[in-house]
Each structure stands twice: as structure tokens, then as C-alpha cells.
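Quick note: the sequence shown uses the numbering used here, first residue 2, plus one each step.
Worksheet: the structure to be examined is printed underneath.
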Amino acid sequence: MSRTSSDNQADRRTRVTVLVALAANLVIAAAKAAGGLIAGSPALLSEAAHSVADSLNEVFLLAALRRSRRPADRRHPFGYGKERFFWSLLAAVGIFVMGGCFSFFQGVEALRNGAEEKISGYVAGLVVLGVAFLAESASLLRALHQVRRQGGKGGLRDPALRTVVAEDGTAVLGVTVAAVGMALHMVTGQVVWEASASILIGALLVYVAYHLGREARDQLIGEAADPESADRIREVLEAQPEIDSVEALFTMKTGLDKALVAARVDLVPGLDSERVEEVAVRIKRSVASSVPEADQIFLDITDRPAEEAWESPAATGERGGA
């Protein structure tokens with residue numbers, strides 16, 4: 002099976018996972034909002050905001066899956082792979098603003114003004130949270146199953162899948178916290194328990210949003226390829242009989258499973274210009290076949306010392322495998 006076909010299948014599975022999470026969050030958000038208004042529960046309203054934020058984020062992730070696979074064009078010669086990271090960053094912002102900030106607001110307002118106690122409404126709210134827990138757990142299990150199918154921890158390289166796992170895991174924990182806060186409020190009559198639960202949910206969402214945003218930022222500003230891939234590329238280059246030394250090697254992720262490679266190499270003496278061109282093409286083919294992630298490969302032939310080679314990553318060449 003070709004890498005493109007495998008990537009498309011992985012995207013289809015991720016799309017199904019995102020759609021499952023979206024459907025669950027839309028239904029749960031409506032139920033939580035209704036229960037929160039009936040019970041006058043700040044924790045339940047915080048959870049409703051959390052589910053709304055998650056629903057919007059799933060829309061962002063669906064856009065990422067659709068747009069990131071567009072082929073390269075003149076305006077974007079390295080493709081649209083980083084769209085995946087951009088939309089994931091927007092999802093992190095959505096979690097922070099719509100989920101975390103609203104939860105903090107609900108908790109502080111409850112501490113300041115109290116909350117009306119309606120036992121029947123609170124019972125209904127706890128039932129809603131129980132149903133939400135089951136739905137969120139099912140969505141989380143679906144996402145974790147896909148992570149396992151895509152290589153365990155390696156499957157979390159996909160920012161869309163990573164975001165779904167983080168959202169669903171946070172949702173399961175948030176529902177549990179909200180239920181405990183509501184139950185303690187009912188038993189003690191002290192709103193501080195539920196307000197504290199709302200604030201804790203906000204803190205949890207801010208924490209998750211920060212980590213998801215930081216990962217997306219690193220990838221957007223130009224993150225290097227995985228160390229294993231970079232080491233393999235260097236090994237392939239150093240194994241070529243025509244290469245005397247690898248003076249510098251630069252890599253940058255241009256998508257989920259694509260990377261740009263720029264290498265400055267010193268060839269052995271005695272090669273004429275035609276021979277150099279043939280060698281360069283063969284070396285790039287060797288790198289591309291050994292490291293499928295190496296999508297764009299550039300070689301710069303130099304005889305400068307290694308310390309000077311690090312001054313600039315500029316390189317000339319052609320697309321890997323040409």
C-alpha cells in the first residue's frame with residue numbers, strides 16, 4: 002500500500018473519530034445547558050460551555066483534515082500541511098476562551114451571588130451528567146482505539162487526533178468534577194463546593210489549552226523532524242561513498258508526515274560536474290526511499306569548514322525522488 006493511500010485511510014479514520022466526538026458534544030451541550038438552567042447550577046453551565054467549545058473545535062479539526070491534504074501550488078510550493086497545525090491552534094484558543102474563561106466566570110459569580118437550590122433540578126442535572134459521562138467515555142474510547150491502531154504514542158503526532166483525545170479526556174474528568182461539586186452542594190447546602198468545581202474545570206481547560214496551543218505553535222514556527230528521522234537521514238548521507246562528510250543537516254516539518262531536508266555535504270575529490278549531478282540525484286532518491294517523511298530534499302555541495310556551514314541553511318536541489 003502506498004504512503005498516500007495509507008495517509009488517506011488514516012485521515013478517514015480520524016474524520017470519523019472527530020464526527021463521533023462532534024455528535025456527542027452537540028447533544029451533550031444541549032442537555033447540559035438545559036439541566037444547568039433548570040437547576041441553576043454553575044458547574045453544569047460550565048460543563049455546557051465546555052461542550053460547546055469542544056463542538057466548535059471539532060469543526061476546526063474537520064477543516065484541518067480537509068484543507069491540509071491539498072496539493073502544493075505556486076503560492077504554496079511546500080503544500081498545505083501546516084494547515085493542520087493552524088486549525089489545531091484555533092481549537093486550543095477555543096478551549097481557553099469558550100471553556101476555561103466561562104467556567105472561571107461561572108465559579109466566581111456563584112461565590113459572589115450564590116446559587117438557587119432546586120433539589121429536583123439538581124437530580125435532573127446529575128442524571129444529565131451521568132449520560133454525558135457515558136457519551137464522553139465512548140468518544141474517548143473511540144479516539145484511544147484509533148491512537149492504538151496508528152502506533153500508540155506515535156498516533157498522537159496528528160494534532161487533530163491529539164486534540165480529540167485531550168478534549169474527551171478532559172470532558173470525562175470535568176463531568177466527574179461537576180457531579181461531585183453538585184452532589185456536595187446538595188448535601189451541604191454550601192454553594193462553595195459547586196463554585197469550586199466550576200473554577201477547577203476552568204483551570205483544567207486552561208491547562209489543556211495551553212499545552213495544545215504550545216504544541217501547535219512549535220509546529221507552526223518550524224519544528225525539526227523527529228530525531229529518529231534526522232538521525233536516519235544523516236546515516237544514509239554518511240553511508241554514500243561519494244560523500245566525504247556531512248557538514249550541516251537541517252530539517253523542518255511541513256505537514257503531519259512530511260519534512261523538508263536541507264543538507265550541506267562535502268564530496269570526495271575528483272568528481273566532474275556531470276558526475277556530481279548524477280550522484281546528487283541518486284543520493285536524494287536514497288534518502289527519500291529510506292525516510293518516507295523526507296518530502297523535499299535539497300543538497301548543497303560545499304568545501305567550507307563545518308562551523309561556517311551552519312551560518313545559513315540555504316540549499317539548492319530538487320524534490321526528493323526526482
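Using N, Cα and C, we set each Cβ at its ideal position, and we do this for glycine too.
Treat the numbers as computed from the prediction; the structure is a model and nothing was measured.
- Query: Considering residue 298, what are the terminal residues of the beta strand (DSSP E) in which it resides?
  - Reply: Boundaries of the beta strand (DSSP E) harbouring residue 298: 295-302, taken from the DSSP string.
- Message: Using a Cβ-Cβ cutoff of less than 8 Å, which residues in the same chain neighbour residue 137 once the five nearest sequence positions on both sides are dropped?
- Response: Taken in chain order, the residues that qualify are 25, 29, 169, 172, 173, 176.
- Straight-line gap, residue 166 to residue 145 (C-alpha atoms, nearest Å): Their Cα atoms are separated by approximately 7 Å.
- Taking DSSP as the reference, what is the three-state secondary structure of residue 20? Residue 20: helix per DSSP, three-state reduction.
- Message: For residue 226 and residue 18, I'd like the C-alpha separation in whole angstroms.
- Response: Distance between the alpha carbons of residue 226 and residue 18: 26 Å.
- Task: Going by CA-CA distance only, name the one from 230, 282, 247 that's closest to residue 258.
- Result: The shortest Cα separation from residue 258 among 230, 282, 247 belongs to 230.
- Would you check if the distance between the CB atom of residue 293 and the CB atom of residue 217 is smaller than 8 Å? No, the pair does not count as a contact, with Cβ atoms beyond the cut-off.
- Message: My output table needs one value for residue 248: the three-state DSSP class, helix, strand or coil.
- Response: Note: residue 248 maps to strand in three-state DSSP.
- Task: Reducing DSSP to helix, strand and coil, say where residue 219 ends up.
- Result: Helix at residue 219.
- Cα-Cα separation between residue 210 and residue 97, rounded to whole angstroms: Our two residues, residue 210 and residue 97, have alpha carbons roughly 5 Å apart in a direct line.
- Span of the alpha helix (DSSP H) holding residue 264? DSSP places residue 264 outside any alpha helix (DSSP H); the residue lies instead in the beta strand (DSSP E), whose first and last residues are 260-268.
- Distance between residue 238 and residue 311 (C-alpha atoms, nearest Å): A caution first: residue 311 carries a pLDDT of 44, below 50, which makes its placement in the model too unreliable to give a value.
- Task: Use the C-beta contact count for residue 279: other C-beta atoms within 10 angstroms, 16 or more gives buried, fewer gives exposed.
- Result: With fewer than 16 Cβ atoms within 10 Å of its Cβ, residue 279 is classed as exposed.
- Which residues in the same chain have their Cβ closer than 6 Å to the Cβ of residue 314, if we skip the five residues on either side of it in sequence? In this prediction, residue 314 has a pLDDT of 42, which is less than 50 and means its spatial position is unreliable; nothing more can be read from the coordinates.
- Hey, residue 193 and residue 112 are a contact pair by Cβ (cut 8 Å); roughly how many whole angstroms apart? The beta-carbon distance between residue 193 and residue 112, rounded to whole angstroms, is 7 Å. This is short enough to meet the 8 Å contact definition.
- Message: Pull the bridge partners of residue 253 from the DSSP assignment, please.
- Response: Residue pairing of residue 253 in beta bridges, as defined by DSSP: 261.
- Query: Which parts of the stretch 55-135 are runs of the alpha helix (DSSP H), unbroken and 4 residues or longer, counting only runs that do not cross its ends?
  - Reply: Counting whole runs of 4 or more residues, the stretch 55-135 contains the alpha helix (DSSP H) stretches 84-95, 103-114.
- Take the Cβ of residue 58 as the centre, count every other Cβ of all protein chains shown within 10 Å, and call the residue buried at 16 or more, exposed below. With 16 or more other CB atoms across the displayed protein chains lying within 10 angstroms of its CB, residue 58 is buried.
- Item | Uninterrupted alpha helix (DSSP H) stretches inside the stretch 155-229 (no shorter than 4 residues) | Entirely contained in the stretch 155-229, the alpha helix (DSSP H) runs reaching 4 residues are, in chain order, 160-189, 192-221.
- Task: Please confirm whether residue 61 and residue 88 have their CB atoms less than 8 Å apart.
- Result: Contact flag set, yes.
- Message: Buried or exposed, going by whether 16 or more other CB atoms sit within 10 Å of the CB of residue 20?
- Response: Counting Cβ neighbours within 10 Å, residue 20 comes out exposed, since fewer than 16 surround it.
- Item | Under the three-state DSSP convention, the category residue 49 falls into | Helix.
- Task: Indicate the three-state DSSP secondary structure (helix, strand or coil) for residue 147 in the structure shown.
- Result: Correct three-state label for residue 147: helix.
- Out of 32, 163, 204, 140, which has the shortest C-alpha to C-alpha gap to residue 129? If we check each option's Cα against that of residue 129, 32 comes out closest.
- Query: If you drop the 5 nearest sequence neighbours on each side, which residues of the same chain put their C-beta closer than 7 Å to that of residue 215?
  - Reply: Hits under 7 Å: none found.
- Message: Among 148, 134, 255, 123, whose alpha-carbon lies nearest the alpha-carbon of residue 83?
- Response: Looking only at 148, 134, 255, 123, the smallest Cα-Cα distance to residue 83 is reached by 255.
- Message: Taking the alpha-carbon of residue 46 as reference, which of 198, 164, 188, 68 has the nearest alpha-carbon?
- Response: The residue from 198, 164, 188, 68 with its alpha-carbon nearest to that of residue 46 is 198.
- Message: What does the alpha-carbon distance come out to for the pair residue 22 and residue 303?
- Response: Near 52 Å, if we compare the C-alpha coordinates of residue 303 and residue 22.
- Which residues in the same chain have their Cβ closer than 7 Å to the Cβ of residue 186, if we skip the five residues on either side of it in sequence? Hits under 7 Å: 192, 194, 195.
- Message: Cutting at 6 Å between CB atoms, please list the residues of its own chain near residue 133, excluding the five before and the five after it.
- Response: Excluding residues within five positions, the ones whose Cβ falls inside 6 Å are 29, 176.
- Write down the C-beta distance between residue 164 and residue 206 rounded to the nearest angstrom, noting that I regard them as a contact closer than 8 Å. With 8 Å as the limit, residue 164 and residue 206 do not qualify as a contact, their Cβ atoms being about 13 Å apart.
- Message: For residue 48, count the other beta carbons within 10 Å of its own beta carbon; 16 or more makes it buried, fewer makes it exposed. Which is it?
- Response: Per the 10 Å Cβ criterion, buried.
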